[in-house]
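One structure below.
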Amino acid sequence: MTLAEAIRWAPAEGVPVRGTVALLPGRGEHPAHYARLGTRLAFDGYRVTVPEADLPVKVTAGPGPVVLLGHDTGAIRALDLAAKLPVDAVIASGLPLGGSTGWDDELDARTACPVHRALLDADDRFARGELHTPVASPLAEPAVPVLLLHGEADKVAGPEAARAYAAKLPESRFVLVGGGRHDVLNDVDHRSVAAEIVQFLEWLRAGTGTPALVRG
617 MTLAEAIRWA PAEGVPVRGT VALLPGRGEH PAHYARLGTR LAFDGYRVTV
667 PEADLPVKVT AGPGPVVLLG HDTGAIRALD LAAKLPVDAV IASGLPLGGS
717 TGWDDELDAR TACPVHRALL DADDRFARGE LHTPVASPLA EPAVPVLLLH
767 GEADKVAGPE AARAYAAKLP ESRFVLVGGG RHDVLNDVDH RSVAAEIVQF
817 LEWLRAGTGT PALVRG
C-alpha cells in the first residue's frame, strides 16, 4: 500500500504481515485519532495506514487481504473507492445516514470513552462542529464483503438506516454495538470493536467464503 504523508502502524519486526488496512477518518478527525486502533491491529499482524483526508488512496496487492476501513464520511468514501480499487472488503463505521443534528454536546455524541474525549478536547487539530452539517450522499453498493459497525446510542446517525443499507448489499454483516455512540472505533467498547474487526479480517484471510457474513 502506498499513501504519501500518512500515519502508519506495522507489525513488529519479524512478525509476518497478515493483511493491510487503509483507515479513512470522518468529519473533524485526523489520522492521529486512530493510534489506539492502529496499534491494536498492528499487534495482530496487520499493516494500517491512515491518510490525511485530502490525499488520494492507492493500494497494492497483499500479502493477505487489502481492506478499506472508514468512519463517518470516511465510510462513505471507502464504499465508493471499493468499486475503483483492488480491495477485498470494506469496513464501515458510523455511516452518517438519517442522522439528527439536534444534539448539544459534540464530545458526548462522538464517544463516552474518557480517554478519547480527553484526546479530542485537548487537540487543536480537531475540527469542532463538523458533525452539525448533514451528509447527503448516495451510497455505493460494492460487490466485496462489507462489515458495518454502528452504535446503538448514536445521536448523529441512528442505526436503522445503516441496518437497512446493509440488507441491500450482496454480502454484509451488520454489528450493532450495545450502548455505543457515533464513533464506535474510539468508544468505551473499542476493544470489542477491534476484536470484531480482527475476526472479520481473519475470515477474509481464510478464504472460505466468510461464513459469518449475512447475505443481503
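617 is the number of the first residue of the sequence shown in our numbering; add one for each residue after it. Just so it is clear, CB atoms sit at the ideal spot from N, CA and C, and this is done for glycine as well. Since we're looking at a predicted model, the values are computed, not measured.
Check: Excluding the 5 residues preceding and the 5 following Ala769 in the sequence, name in chain order all residues of the same chain whose CB lies nearer than 7 Å to its CB.; Outcome: Gly795, Gly796 and Arg797
Check: Please state whether DSSP places Lys771 in a helix, a strand or coil.; Outcome: coil
Check: Rounded to whole angstroms, what's the CA-CA distance from Asp724 to Arg634? Just pull it up for me.; Outcome: 35 Å
Check: Can you tell me which residues form a DSSP beta bridge with Phe790?; Outcome: Leu764
Check: Going by Cα to Cα distance, which pick from Ala691, Arg733 and Val804 is closest to Pro758?; Outcome: Ala691
Check: Throw me the rounded Cβ distance for the Gly644 and Arg744 pair, which I believe falls under 8 Å.; Outcome: 7 Å
Check: My understanding is that Tyr662 touches Leu763, with C-beta atoms under 8 Å, so please give their C-beta distance in whole angstroms.; Outcome: About 14 Å separates the two Cβ atoms, so there is no contact after all.
Check: If you check the beta carbons only, do Val791 and Glu812 fall under 7 Å apart?; Outcome: yes
Check: What does the alpha-carbon distance come out to for the pair Arg693 and Val814?; Outcome: 21 Å
Check: Do Ser709 and Val800 count as a contact pair if the criterion is CB distance below 7 Å?; Outcome: yes
Check: I'd like the ranges of any beta strand (DSSP E) spanning at least 3 consecutive residues and lying wholly in the region 686-761.; Outcome: 705-709
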